[in-house]
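Sequence order for the protein chains is U and Z.
Going by the working numbering, the first sequence opens with residue 1, and the numbers climb by one from there.
Going by the working numbering, the second sequence opens with residue 1001, and the numbers climb by one from there.
Backbone N, C-alpha and C fix where the C-beta goes; we use that ideal spot for every residue, glycine too.
Taking it in order: structure first as structure tokens, then the write-up.
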Amino acid sequence: MAVIEASALRKSFGATRALDGIDLRLEEGRILGLIGPNGAGKSTAINAILGLTPYQGELRVLGHDPWAARDRLMLDVAFIADVAVLPRWMRVSQALDYVAGVHPRFDRAKAERFLAKTTIGRNSRVRELSKGMVTQLHLALVMAIDARLLVLDEPTLGLDILYRKQFYDALLNDYFDRSRTIIVTTHQVEEIQNVLTDFMFIHRGRIVLTCSMDEFEARYAEVTVHPERLEAARALQPIHERQVFGRSTLLFERIDRQQLQQLGEVRTPGIADVFIAVLGSP
Amino acid sequence: MATHDSAAIPDRTPGPQASGSPTVGPVPLSPARLFYWSVARELWESRYIYVVPLIVAGVFLLAFGLGISQHSFASRGGGGRAPLPAAIMMQEGFHFAALVLMGAYLIVAVIYCLGALHNERQERSILFWKSLPVSDLTTVMAKAAIPLLVLPLITFMVIAVTHGIMLLVASAVLLAAGGDVAALWSVPLLSIWAQVLYHLVSVHALYYAPFYGWLLLVSGWARRAPFLWAILPIAAVMIIERLVFSTTVFAHVLLSRLAGGPVALPFPGSRHMPMQAPTLANVGAFMVSPGLWIGLAVFALLLAAAVRLRRYQGPM
């Protein structure tokens, strides 16, 4: 059973088409990265999935129409919008009380265990916490909710690398299992490349490429080519070429690895490099 | 996933065994529980809802204590007219305490309503609230409950406690001056309390409900300066009506509602609204007055609009 099913999903703001016919089917147990430049429609897609914005077209999330049943959907969906949405006046203990009060699937003890590993005081107000600590608190709240779909929209924006790493480690080690599904958008694509099972490029409201990571590794290869082999490499029609430290790095799609190894050093490329290659230079 | 069991499970089955089908899952908590926690969070956020009445009561009691000790000395100097004036003075004092605290209620209610659906958008926390299984209806109802339910109750309790303290202070002062406290205790405090409670619920909560509904709607709609947006359209309607029709019906409707409507028209020259006793006749007349029901209908429309608006609203 698909967690998200969308077909011909559209959303316009005035003359701007934020979503221009999205078709999507996300199965249970996947970690999907939504990747695209600012204004590509990532946030609009996520808002539609969360029931925060109306849309045209078909969309079912865990069998619900999100716009019609946002409160019902939130029993099974958790989301972290970005680092700064926890109410600044709230005390940590109040946040625990409130979520425990309104969410039947919230395991308070689990949230307490997670918080015990941090330096966050129960009596602190959110405004007194650092950005990193607020994220830890939000993550503690969300990870203690037994949700089937977790949506993360730029969850680590503005955090330093230590907290970012902690965030994804906690998510993978303490939270994710095969019965859960995660959607994440981020600008720090490289950091989550090894976390994802699937990714999707969105550009101007359309899905440009959707691909599982297994498929990605089989399909794309990056070669730092020996200078004398450059002409031979170019003959294989790389989809992108760039210079790194004076040497040419070529990106190939669907070319046999054995063949590429003759040309130079072969690696799995970064998602961001493929993104640029697929969309053309920025 | 287990497709074999999904068909047999009714839609409301709780627990993880229901996770095989997307249409079944955990049962939402009872509306009463969601409402309770939603009101609790309003009180956490806006502590002034109960702090302001307490401070006002404290200041009032301080002034009362100072005033009554001076007055008592003066009346002793004037000689021999303590008992009856003391009782009348006490009754006046009780009414004045109620008046002051009801004024605080209205000010707090206006400030609260104007921020209720505005602040959560401004500080972006609306995304957090909306990430939880609480409907927009429950949230807006909980916010409307502050001026309609919580503030009348808090105000009543603070008034009652203030009255009690006033009585004790006055008795102590009078006893110290060698006066007779029996007259003080003959003031019908219970019937004053009944009047206060009835007045709070009938006029300040129910009759004023459309005002609160309007303020809540504006606070959910305005991107900035909700106070101005609350005032300007009303002023505009009044001015346009005056210019186009040369009438002042709208202004009169508003003023009559502010004055408590036909049920509690102020006596000419009165300093404040009279408080009716909650007799069967008074309550009956209030319950069947069209003003009450028209007001509640307007309130319901405004609240429905605020609920609908919150569905579409995100952070600013």
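{"Query": "Three-pair Cβ contact test at 8 Å for the segment 181-188 of chain U versus the segment 20-40 of chain U", "Result": "yes"}
{"Query": "Segment contact flag, the segment 246-257 of chain U with the segment 193-205 of chain U, C-beta cutoff 8 Å, min 3 pairs", "Result": "no"}
{"Query": "7 Å Cβ shell around U:R242 - same chain, five flanking residues per side excluded", "Result": "T249"}
{"Query": "Minimum Cβ-Cβ distance from Z:W1221 to chain B less than 8 Å", "Result": "Protein chains U and Z are contained in the structure displayed, whereas chain B is not."}
{"Query": "Stretch-stretch touch, CB-based, cutoff 8 Å, three pairs: the segment 1052-1066 of chain Z with the segment 1126-1133 of chain Z", "Result": "no"}
{"Query": "Three-state secondary structure assigned by DSSP to U:H64", "Result": "strand"}
{"Query": "Cβ of U:A116 within 8 Å of any chain Z Cβ", "Result": "no"}
{"Query": "Proximity test, Cβ basis, 8 Å: Z:E1123 and chain U", "Result": "yes"}
{"Query": "Rounded separation between U:D76 and Z:S1125 - CA only", "Result": "20 Å"}
{"Query": "Start-end ranges of the beta strand (DSSP E) lying completely within the segment 15-87 of chain U, minimum 3 residues", "Result": "16-27, 31-35, 56-61 and 77-80"}
{"Query": "Separation of U:H138 from Z:R1308, as counted between CA atoms", "Result": "28 Å"}
{"Query": "For Z:V1051 and Z:L1303, the rounded distance between their alpha carbons", "Result": "26 Å"}
{"Query": "Own chain partners of U:E58 with C-beta closer than 6 Å, once the 5 adjacent residues on each side are dropped", "Result": "S7"}
{"Query": "Any C-beta of chain U under 8 Å from that of Z:R1041", "Result": "yes"}
{"Query": "Chain U contact residues for Z:P1028, given Cβ-Cβ distances below 9 Å", "Result": "D71, R72, L75 and P104"}
{"Query": "Length-filtered (4 minimum) alpha helix (DSSP H) runs lying within the segment 1191-1260 of chain Z", "Result": "1209-1221, 1226-1245 and 1249-1258"}
{"Query": "Member of U:S43, U:R113, U:A109 and U:G264 whose CA lies at the smallest distance from the CA of U:D82", "Result": "U:S43"}
{"Query": "Span of the alpha helix (DSSP H) around Z:M1287", "Result": "L1280 to M1287"}
{"Query": "Listed by chain order, chain U residues near Z:E1045 by CB distance under 8 Å", "Result": "P87, W89 and M90"}
{"Query": "Assigned secondary structure, U:E5 (DSSP; H/G/I helix, E/B strand, else coil)", "Result": "strand"}
{"Query": "Run of the alpha helix (DSSP H) containing Z:T1155, from where it starts to where it stops", "Result": "L1151 to A1176"}
{"Query": "Where Z:K1143 meets chain U, residues with beta-carbon distance less than 9 Å", "Result": "Ordered by position in chain U, no residue passes the 9 Å Cβ test against Z:K1143, which lies about 14 Å from the chain."}
{"Query": "Sequence-distant residues of the same chain with beta carbon closer than 8 Å to U:V134, five excluded per side", "Result": "V83, A84, L86 and V126"}
{"Query": "Beta-carbon gap between U:L279 and U:V189 smaller than 8 Å", "Result": "no"}
{"Query": "Touch test, the segment 1172-1190 of chain Z against the segment 1144-1153 of chain Z, Cβ-Cβ under 8 Å, three pairs minimum", "Result": "no"}
{"Query": "Three-state secondary structure (DSSP) of U:F106", "Result": "strand"}
{"Query": "Within chain U, partners of Z:P1031 - CB distance below 9 Å", "Result": "None at all; the shortest Cβ gap to chain U is about 11 Å."}
{"Query": "N- and C-terminal bounds of the beta strand (DSSP E) containing U:T210", "Result": "R206 to S212"}
{"Query": "Contacts of U:L52 in chain Z (Cβ-Cβ under 7 Å)", "Result": "K1130 and G1314"}
{"Query": "Stretch pair the segment 224-240 of chain U + the segment 49-68 of chain U: three plus CB contacts closer than 8 Å", "Result": "no"}
{"Query": "The segment 1111-1120 of chain Z in contact with the segment 1214-1232 of chain Z per 3-pair CB rule at 8 Å", "Result": "yes"}
{"Query": "Status (buried if at least 16 other CB within 10 Å, exposed otherwise) for U:I192", "Result": "buried"}
{"Query": "Sufficient close CB pairs (3 or more, under 8 Å) joining the segment 1038-1048 of chain Z to the segment 92-106 of chain U", "Result": "yes"}
{"Query": "Opposing strand residues paired with U:S248 [DSSP bridges]", "Result": "U:Q243"}
{"Query": "Beta-carbon neighbours of U:V99, restricted to chain Z and to distances below 7 Å", "Result": "L1132"}
{"Query": "CB contact below 8 Å: Z:S1289 versus chain U", "Result": "no"}
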